[in-house]
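Colleague: In order, the protein sequence lines correspond to chains A and B.
With the numbering used here, letter number 139 in the first sequence gets 139, and the count goes up by one each step, no holes.
If you want the numbering used here, it's the 1-based position in the second sequence plus 1000.
Ideal Cβ positions, reconstructed from N, Cα and C, are used throughout, including at glycine.
In this text, all values refer to a predicted model and were calculated from it rather than measured experimentally.
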Amino acid sequence: MKTESKTQTVRLPILHGYTKEFYDWCRQQELRFQRCQKCGAWRHPPRPMCHSCHSLQWEWAPTKGKGKVYCWTTVHQALDPAFAEAVPYAAVVVELDEGPRLATWVTGILPDDLQIGMPVELWFDDVSDEVTLPKFKRVG
Amino acid sequence: MPEQHYLREQTCIVGIGETAYTRGTPKSALELALEAAMSAIEDAGIAPEAIDAVILPGGAGSGGTAGDFCANLGLQDLHYTTSLQEMGGAMCVSAVESAAVALASGIAHYALIPMCSRFYSGRKARQVTSDPGTGLQSAETIRDYYAPFGVAAPPQHYAWMAQRHMQLYGTTHEQLGAVVVAMRKHAQLHPNALMKRAPITLEDYLSSRWVSYPYRLLDCCLETDGAAALLMTTAERAKDLRSKPVYVMGVTSGHPFPPHDIPNRPDILKIGLDFCAPRAYAMAGVTPSDIDFAEIYDCFTGQAILQIEAAGFCKKGEGGPFVENGRIELGGALPINTHGGLLSQAHNTGMNHLVEAVVQLRHDAGARQVQDAELGVVTGWGGHGHGSIAIVRR
Chain A
1 MKTESKTQTV
11 RLPILHGYTK
21 EFYDWCRQQE
31 LRFQRCQKCG
41 AWRHPPRPMC
51 HSCHSLQWEW
61 APTKGKGKVY
71 CWTTVHQALD
81 PAFAEAVPYA
91 AVVVELDEGP
101 RLATWVTGIL
111 PDDLQIGMPV
121 ELWFDDVSDE
131 VTLPKFKRVG
Chain B
1001 MPEQHYLREQ
1011 TCIVGIGETA
1021 YTRGTPKSAL
1031 ELALEAAMSA
1041 IEDAGIAPEA
1051 IDAVILPGGA
1061 GSGGTAGDFC
1071 ANLGLQDLHY
1081 TTSLQEMGGA
1091 MCVSAVESAA
1101 VALASGIAHY
1111 ALIPMCSRFY
1121 SGRKARQVTS
1131 DPGTGLQSAE
1141 TIRDYYAPFG
1151 VAAPPQHYAW
1161 MAQRHMQLYG
1171 TTHEQLGAVV
1181 VAMRKHAQLH
1191 PNALMKRAPI
1201 TLEDYLSSRW
1211 VSYPYRLLDC
1221 CLETDGAAAL
1231 LMTTAERAKD
1241 LRSKPVYVMG
1251 VTSGHPFPPH
1261 DIPNRPDILK
1271 IGLDFCAPRA
1281 YAMAGVTPSD
1291 IDFAEIYDCF
1301 TGQAILQIEA
1311 AGFCKKGEGG
1321 PFVENGRIEL
1331 GGALPINTHG
1341 GLLSQAHNTG
1351 MNHLVEAVVQ
1361 LRHDAGARQV
1371 QDAELGVVTG
1381 WGGHGHGSIA
1391 IVRR
């Protein structure tokens, strides 16, 4: 499901190596993380080796895009000028049901209404021709 | 009988030097670092040529390369040099650890640790996202995974930890404020504190503007220019020097897991200092209750509270109540950041905390002297939560 981007704010990642692969999956409307093919452990941000069993065999495993709010900060002073028009906004850490966590936005809700453990679901924001960001919205 | 650790009391800080801390400077980082280094060398009373180790907390970001210090100080035979750049703000205390290892092992005899920070005139921490690549994984994590969501700099990603601490443990804004009120009070007593004529009240704190909730402007450390340096040697050699030695009892470094990303830690409130502080106390053969004062790396108020807990002064989650009622102020049960800290003296990446610990243990702190100070703790924090701790005695 698509929800309008709150702003035209753009600060793009540098698409290289595993990071390019991560965001390429987002462009295809899939939020995938590295998962060890030997022991099944998830990991993020991407890196070559499984910290649990040291296997170098891994795959980009899909998530269902459901998760909950872990913590957040509400930014009032945009330290990055690219976000000057966006303040105040909440930069939220969301924990996916599968386990990995990521920095993201939960849109369609005021920062003051966020709660730890609040269920959220994924949507994709095409912020440029090359980059799609995984964002979330409140369930229900 | 407890095991005697090989580093305990083997090395000493015998020289300290510090430039003025300012906002703005016409001097280069190398000039400032050399000025501080010469003060430390003169304080120790050694010939500069005796230095055979240069430990650079931040690599060339300490003010110059090892080669720069050799060329300017006339060091003809450098035995040892290293950099702790990845430790971020934990780098200065970790540099003491590296110096202690190099000295106690006999690799070197006199170690210089210079540190210049030009956070006002130079590149600001908040500019990290515009870098094409620093080579540090923690910076690339910010650039590629935080910055697209408007998380560019420490007051933002460190605020995640403070917010969760407040949610889990009920830590209050007033408790965060108590930290900076104490630091500011102490800065009034330090002639080289940037905020020495700018006292604040808790009300001032509570009415300061939001930066990144739960952090207000006054939760954030200063951005200043200035340098400091330490001179270290072995306990045996220290006996022959004119300065009063300060003994390194225990010194360790630690890392959160995974080090480069905050969200994916099983518990984002478990920091590097949680791992290394117990090892430091075991090395020193003392307990937190033996400590007379602490210089805590106060980049932000919430990070100071996390470190007060990790350093063993109270239990996990009890750092909020601990900092209240003047307990961390001079005259309280555990004076913290008697120089004003990063929040009110200056931001020299924690080297100013080490200098202040030495001043306190020499009983040279004047109006801000902790009475009968015998044993102090200095912590470092940086690069997403790396930690370090030194336990020092007079």
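In whole angstroms, give me the CA-to-CA distance for Glu121(A) and Asn1264(B).
Modeller: As a position in the first sequence, residue 121(A) is number 121, starting the count at 1. As a position in the second sequence, residue 1264(B) is number 264, starting the count at 1. Each residue's alpha carbon lies about 19 angstroms from the other.
Colleague: In three-state DSSP terms, what is Gln981(B)?
Modeller: Since the first and last residues shown for chain B are 1001 and 1394, residue 981(B) lies out of range.
Colleague: I want to know whether the stretch 1006-1015 of chain B touches the stretch 1243-1253 of chain B - three or more CB-CB distances under 8 angstroms.
Modeller: yes
Colleague: From this set, Gly1226(B), Thr1224(B), Asp1225(B), Ser1207(B), which residue's C-alpha is nearest Leu1217(B)'s C-alpha?
Modeller: Here residue 1217(B) corresponds to residue number 217 of the second sequence, with the count starting at 1. Checked all of Gly1226(B), Thr1224(B), Asp1225(B), Ser1207(B); the closest Cα to Leu1217(B) is Ser1207(B).
Colleague: Do three or more CB pairs link the stretch 1312-1324 of chain B to the stretch 1193-1206 of chain B at distances below 8 angstroms?
Modeller: no
Colleague: Check for me: the beta strand (DSSP E) holding Gln34(A) runs from which residue to which?
Modeller: As a position in the first sequence, residue 34(A) is number 34, starting the count at 1. Start and end: 32-36.
Colleague: Name the two residues that bound the continuous beta strand (DSSP E) containing Gly1387(B).
Modeller: Translated into the one-based positions of the second sequence, residue 1387(B) becomes position 387. Residues 1386-1393.
Colleague: Using a Cβ cut-off of 8 angstroms, pull out every chain B residue sitting near Pro100(A), in sequence order please.
Modeller: Looking up residue 100(A) in the first sequence gives position 100. Near Pro100(A) (Cβ distances below 8 angstroms), the residues of chain B are Asn1264.
Colleague: Which same chain residues end up closer than 6 angstroms to Met1091(B) when comparing Cβ atoms and leaving out the 5 residues on each side of it in sequence?
Modeller: Taking the first residue of the second sequence as position 1, residue 1091(B) is located at position 91. Leaving aside the five residues that flank Met1091(B) on each side, the residues in its chain whose CB is nearer than 6 angstroms to its CB run, in chain order, Pro1057, Gly1058, Leu1084.
Colleague: Residues in the same chain with beta-carbon distance under 6 angstroms from Gly1340(B), minus the five sequence neighbours each way, listed in chain order, please.
Modeller: Numbered from 1 along the second sequence, position 340 holds the residue referred to as residue 1340(B). Here the set comprises Met1183, His1186, Ala1187, His1190, Ala1193.
Colleague: Reducing DSSP to helix, strand and coil, say where Lys6(A) ends up.
Modeller: Along the first sequence, one-based indexing puts residue 6(A) at 6. Confidence at Lys6(A) is low in this model, with a pLDDT of 47, below 50, so the placement of that residue is unreliable and no value is reported for it.
Colleague: Is Pro62(A) helix, strand or coil by DSSP?
Modeller: What you label residue 62(A) is simply residue 62 of the first sequence in a count that begins at 1. Pro62(A): strand per DSSP, three-state reduction.
Colleague: Taking the alpha-carbon positions, what's the Ile1055(B) to Arg1242(B) distance?
Modeller: Here residue 1055(B) is taken as the residue at index 55 of the second sequence, counted from 1. Here residue 1242(B) is taken as the residue at index 242 of the second sequence, counted from 1. C-alpha separation (whole angstroms): 23 angstroms.
Colleague: Buried or exposed for Ser1105(B), going by 16 or more other Cβ atoms inside 10 Å?
Modeller: Sequence index remark: in the second sequence, residue 1105(B) carries index 105 (1-based). With fewer than 16 other Cβ atoms within 10 Å, it is exposed.
Colleague: Check each candidate in Val139(A), Asp126(A), Arg138(A), Cys39(A) and name the one with the smallest Cα separation from Leu12(A).
Modeller: Translated into positions along the first sequence, residue 12(A) becomes position 12. Taking only the C-alpha atoms, the option nearest Leu12(A) is Asp126(A).
Colleague: Would you mind sorting Pro62(A) into buried or exposed? The rule is 16 or more other CB atoms within 10 Å of its CB.
Modeller: Taking the first residue of the first sequence as position 1, residue 62(A) is located at position 62. Pro62(A) is exposed by the Cβ-count criterion.
Colleague: So the alpha helix (DSSP H) Ser1212(B) belongs to, where does it begin and stop?
Modeller: Residue 1212(B) sits at position 212 when you count from the first residue of the second sequence. Boundaries for Ser1212(B): no alpha helix (DSSP H) harbours it, while the beta strand (DSSP E) harbouring it runs 1210-1213, taken from the DSSP string.
Colleague: Using the beta-carbon count (16 or more within 10 Å), is Ser1117(B) buried or exposed?
Modeller: For the purposes of this step, residue 1117(B) is taken as the residue at position 117 of the second sequence. Under this definition Ser1117(B) is a buried residue.
Colleague: On the three-pair Cβ rule with 8 angstroms, is the stretch 1221-1241 of chain B touching the stretch 1106-1115 of chain B?
Modeller: yes
Colleague: Listed in chain order, which residues of the stretch 93-123 of chain A have Cβ atoms closer than 7 angstroms to some Cβ of chain B?
Modeller: Val93, Pro100, Arg101, Leu102, Ala103, Thr104, Trp105, Ile116
Colleague: Grouping DSSP H, G and I as helix and E and B as strand, with all else coil, what is Ser1105(B)?
Modeller: Translated into positions along the second sequence, residue 1105(B) becomes position 105. Residue state for Ser1105(B) is assigned as coil, using DSSP reduced to three classes.
Colleague: Select from Arg1394(B), His1347(B), Leu1334(B), Met1351(B) the residue whose C-alpha is nearest the C-alpha of Gln1360(B).
Modeller: The residue given as residue 1360(B) occupies position 360 in the second sequence. The shortest C-alpha separation from Gln1360(B) is found at Arg1394(B).
Colleague: Taking the alpha helix (DSSP H) that Thr1301(B) belongs to, which residues open and close that run?
Modeller: The residue labelled residue 1301(B) in the question sits at position 301 within the second sequence. Segment 1301-1310, the alpha helix (DSSP H) holding Thr1301(B).
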